[in-house]
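Notes to accompany the following structure.
In the UniProt record's numbering, the protein residues as written are 1 to 127.
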């Protein structure tokens with residue numbers, strides 16, 4: 001009988017990433033820390049992401065979508081995306097280093113975020 005090789009750390013991490021993504025909507029380092037130590041994440045997360053991108057989870061979509069509270073869904077999506085965004089403090093610090101003042105940032109911020117979102121959509125094909 002042939003021995004089946006054990007999955008690598010990256011392969012196991014990819015499966016965990018897929019499962020976390022299916023359950024929580026995205027896989028964060030904090031979620032991975034429940035399964036792997038920081039050293040393993042640092043060493044294998046890149047390869048695991050490449051593997052996970054090839055793993056598909058089929059979710060049957062109902063033909064008639066369930067009713068939902070749009071405002072609540074938007075709040076949830078904004079919170080999720082906000083958690084994925086780089087440090088907002090880092091963004092404002094970077095803008096200050098090129099001459100933007102606090103009052104100017106306060107004035108521009110809503111349009112800046114909206115336009116950055118539009119740019120993201122344009123460069124990512126809308127999803």
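Yeah, the Cβ is synthetic: ideal placement off N, Cα and C, and Gly gets one too. Since the structure is predicted, the reported quantities are computational estimates derived from the model, not experimental observations.
### Message
Please classify residue 96 as buried or exposed, where buried requires at least 16 neighbouring CB atoms within 10 angstroms.
### Response
exposed
### Query
Taking three-plus beta-carbon pairs below 8 Å as touching, is the stretch 4-21 in contact with the stretch 31-51?
yes
### Task
Tell me whether residue 123 sits in a helix, a strand or coil according to DSSP, three-state version.
helix
### Where the alpha helix (DSSP H) containing residue 9 begins and where it ends
9-24
### Task
Go ahead and label residue 68 buried or exposed: buried means 16 or more other beta carbons lie within 10 angstroms of its beta carbon, across all protein chains shown.
exposed
### Message
My assumption, with CB atoms under 8 Å, is that residue 30 sits in contact with residue 24. Please give the rounded CB distance.
### Response
Not quite, the Cβ-Cβ distance comes to about 10 Å (not below 8 Å), so this is no contact.
### Query
Taking just the CA atoms, how far does residue 120 sit from residue 1?
Residue placement at residue 1 is poorly supported in this model, since its pLDDT is 46, which falls under 50; the coordinates still yield a value, given next. Each residue's Cα considered, the two are about 52 Å apart.
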